Amino acid sequence: MIIEEIKESSELYNKRPAIRYGNQTYSYSQMWEEIERHEKILNMKLSSKGPVGIQMKNHPTYIFIYYALIKAGSIPMLIDYTFTDTEVNTLCEKYSINYVIKLGLGDQIIFKEFKVESIEDNNDLKNTMTCRFSSGTTGVPKCLMFTESAVLNAGRNWAEASSLIKEDKILCTASFHNGLAFNTSFISTFLSGACIIICKKILTPKYIWKVIEEENVSIITAFPFVYDSLLSTSYQPKIKNLRLCLSSSAPLHNSTKSEFKIRFHLPICDYYGIVEAGPATFNDGTIPNSLGKLIEGVSVRIINESGKLCRDGEKGIIQIKSTSMSTGYYKDLNKFNSLLTEDGYYHTYDIAEMRKGFLYVYGRQDDSINVGGKKVDPVEIENVLKKHLDIRDAAVVGYKSPGSISEYPVAFYVTNNNVEKTDLIPLVKEQLASFKIPQKFVKINQIPRSGVGKVKRNLLLKELETMTLKEEKR
Numbered sequence: 001m002i003i004e005e006i007k008e009s010s011e012l013y014n015k016r017p018a019i020r021y022g023n024q025t026y027s028y029s030q031m032w033e034e035i036e037r038h039e040k041i042l043n044m045k046l047s048s049k050g051p052v053g054i055q056m057k058n059h060p061t062y063i064f065i066y067y068a069l070i071k072a073g074s075i076p077m078l079i080d081y082t083f084t085d086t087e088v089n090t091l092c093e094k095y096s097i098n099y100v101i102k103l104g105l106g107d108q109i110i111f112k113e114f115k116v117e118s119i120e121d122n123n124d125l126k127n128t129m130t131c132r133f134s135s136g137t138t139g140v141p142k143c144l145m146f147t148e149s150a151v152l153n154a155g156r157n158w159a160e161a162s163s164l165i166k167e168d169k170i171l172c173t174a175s176f177h178n179g180l181a182f183n184t185s186f187i188s189t190f191l192s193g194a195c196i197i198i199c200k201k202i203l204t205p206k207y208i209w210k211v212i213e214e215e216n217v218s219i220i221t222a223f224p225f226v227y228d229s230l231l232s233t234s235y236q237p238k239i240k241n242l243r244l245c246l247s248s249s250a251p252l253h254n255s256t257k258s259e260f261k262i263r264f265h266l267p268i269c270d271y272y273g274i275v276e277a278g279p280a281t282f283n284d285g286t287i288p289n290s291l292g293k294l295i296e297g298v299s300v301r302i303i304n305e306s307g308k309l310c311r312d313g314e315k316g317i318i319q320i321k322s323t324s325m326s327t328g329y330y331k332d333l334n335k336f337n338s339l340l341t342e343d344g345y346y347h348t349y350d351i352a353e354m355r356k357g358f359l360y361v362y363g364r365q366d367d368s369i370n371v372g373g374k375k376v377d378p379v380e381i382e383n384v385l386k387k388h389l390d391i392r393d394a395a396v397v398g399y400k401s402p403g404s405i406s407e408y409p410v411a412f413y414v415t416n417n418n419v420e421k422t423d424l425i426p427l428v429k430e431q432l433a434s435f436k437i438p439q440k441f442v443k444i445n446q447i448p449r450s451g452v453g454k455v456k457r458n459l460l461l462k463e464l465e466t467m468t469l470k471e472e473k474r
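Note that the sequence shown covers residues 1 to 474 in full-length UniProt numbering.
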């Protein structure tokens, strides 16, 4: 279905631009030619079908490889390009990923083969077209499976909600593996005949504004920290066609929203979505602090601690069901199913309320750390720290400084000897992506745990807040 849709777009929009990368342009017909060319390369390089990882920065080749893999009968597994070799090796071993495709010097395609367990007899991936990753609860990211119809529904529903048209030029600064980019730009753009703009240089504020000006960008997709950076420069851009500024994955500070609107006369539209269910709301920026109204194909309900429906304006936990929903966690279907209600709603642990049809989200009940829009599993960091021979125990929490919109990891550890931060930094740098590295290391006598051994992270956060207050008074 999706390949037929892309081919149809290539015929319908033919000479219209599909991708812009620096000074390079690929029309819709040229994009289709590149997909077919890359399919031939894949057929020569891949000795077997099945899961194939894509780990690269945003680049036209990413798009060609993704659709070529589907056309060739493989399953694209979208891996964060900042992951270390250790993290990628773990993913490949756990999820039977045969190959990982990267870009080398000169944009050369690199195929790295992994000798993994055969999945020929595994039915979990039946009907799966794409897999994406989310933070796990055992130190390894969860692998979510999506059918072809789920991916198409996410793209179609978003295109309709945001009124995408073929004249739109979409600057996507978020990485393609992330839901913010995948659902709002990577799929919907090509279903609408629009053009995706990929930044070729480092994302400095002035460079982003220059791209917006020179490419006549109408939509920008970016994490909150990008909007903060755009406000940090005194450069005043000449905005002509910019109509929609999209953000998600992490909270936007109110001061960022208000200052952005004052300076550039544009609201930042922060929407709600989760990797398990896709985009859920569309926000046109007219209602302060709201994440917008539900889009087509999405049903949301708010429940209280007793499991009963909340009244309008009453806070509770979000449960969501959508036509773009994942079929489950690969190799851990029981975990996913345990989070589904009998009538198919996914229990999110996000605290929210519905008010006159608009969704307001206030935080999470679980332990994951939100670092600039990227979800980090504290257990993954803890497992790395515990590899040090002199670390007896470790626990990691997310901490947000006053005035900050993003959390950062803080590591607490118990040691037999005099282990210091300088001893631990090389260990975590070697095995973890940069955004997962703790910004602070605290040595304590004992990690507070419950009777069943669960870390009491709330006590560690209180300890951290006390320490911060003492440091500020010095």
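Cβ coordinates follow ideal geometry from the N, Cα and C atoms, glycine included.
All figures in this text were calculated on a predicted structure; none of them were measured in a lab.
Boundaries of the beta strand (DSSP E) in which residue i is found, first to last residue
i, result
"V275", "Unbroken run through V275: none, as it is neither H nor E."
"K440", "440-443"
"N370", "369-371"
Backbone CA spacing between residue i and residue j [nearest angstrom]
i, j, result
"residue 494", "I317", "Because the chain in this structure spans residues 1 to 474, residue 494 falls outside the shown range and cannot be described."
"K7", "Y67", "11 Å"
"D343", "G273", "20 Å"
"I447", "I437", "19 Å"
"D121", "G73", "Since pLDDT at D121 reaches only 49, below the 50 mark, its modelled position is unreliable, and no value is offered."
"S175", "K57", "7 Å"
"I425", "Q439", "10 Å"
"K142", "F133", "5 Å"
"L385", "V397", "13 Å"
"S324", "T147", "8 Å"
"S247", "L359", "15 Å"
"N183", "F223", "14 Å"
"T128", "I75", "7 Å"
"L203", "E213", "15 Å"
"G357", "C269", "16 Å"
"I187", "V300", "23 Å"
"N417", "V442", "14 Å"
"R243", "S163", "11 Å"
"D390", "E87", "23 Å"
"E465", "T256", "25 Å"
"F264", "T173", "19 Å"
For residue i, the first and last residue of its enclosing alpha helix (DSSP H)
i, result
"E213", "205-214"
"N337", "333-338"
"L266", "L266 -> no alpha helix (DSSP H), and no H or E assigned at all."
"T25", "Where T25 is concerned, there is no enclosing alpha helix (DSSP H), although the beta strand (DSSP E) it sits in stretches over 24-27."
"K115", "Segment: none, K115 is in no alpha helix (DSSP H) and carries neither H nor E."
"residue 476", "Because the chain here runs from 1 to 474, residue 476 falls outside it and cannot be looked at."
"N89", "85-95"
"L427", "421-431"
"K7", "2-13"
Counterpart residues of residue i in DSSP-defined beta bridges
i, result
"F328", "The displayed chain sequence assigns Gly, not Phe, to residue 328. Answer is M145."
"D350", "R364"
"residue 554", "Residue 554 is absent from the structure shown; the chain starts at 1 and stops at 474."
"D393", "V414"
"residue 512", "With the chain represented from 1 up to 474, any question about residue 512 goes unanswered, as that position is not in the structure."
"C245", "I220, I268"
"L69", "According to DSSP, which records beta bridges pairwise, L69 is partnered with nothing at all."
"Q446", "DSSP lists no partner for Q446."
"Q319", "R301, H347"
"L359", "M354"
"S134", "K142"
"I75", "P51"
"L309", "I303"
"F176", "Answer is none; F176 lacks a bridge partner."
"Y399", "Y408"
"T281", "L294"
"V455", "R449"
"T128", "T147"
Same chain only: Cβ atoms within 6 Å of residue i, ignoring 5 sequence neighbours per side
i, result
"K374", "F435"
"G292", "Y271, T281, F282, N283"
"T25", "P17"
"E34", "F64"
"E39", "A68, K71, A72"
Cβ neighbours of residue i in the same chain (closer than 7 Å, five flanking residues each side left out)
i, result
"Y28", "S9, S10, Y13, N14, R16, A18"
"K454", "none"
Cβ-based neighbour list, residue i, same chain, cut-off 8 Å, excluding 5 preceding and 5 following
i, result
"N289", "N254, Y360"
"residue 481", "There is simply no residue 481 to check, as the chain begins at 1 and stops at 474 in what is shown."
"R328", "The sequence given here places Gly at residue 328; Arg does not occur at that position. Excluding residues within five positions, the ones whose Cβ falls inside 8 Å are D124, L144, M145, F336, N337."
"L252", "P224, Y227, I268, D270, I405"
"residue 514", "As displayed, the chain neither begins before 1 nor continues past 474, which places residue 514 out of reach and without an answer."
"N241", "K169, N216, V217, S218"
Exercise. Answer yes if the stretch 153-163 comes into contact with the stretch 93-109, meaning at least three C-beta pairs across the two stretches below 8 Å, and no otherwise.
Key: no
Quiz item: Do the stretch 199-219 and the stretch 81-97 touch if we need at least three Cβ pairs shorter than 8 Å?
Solution: no
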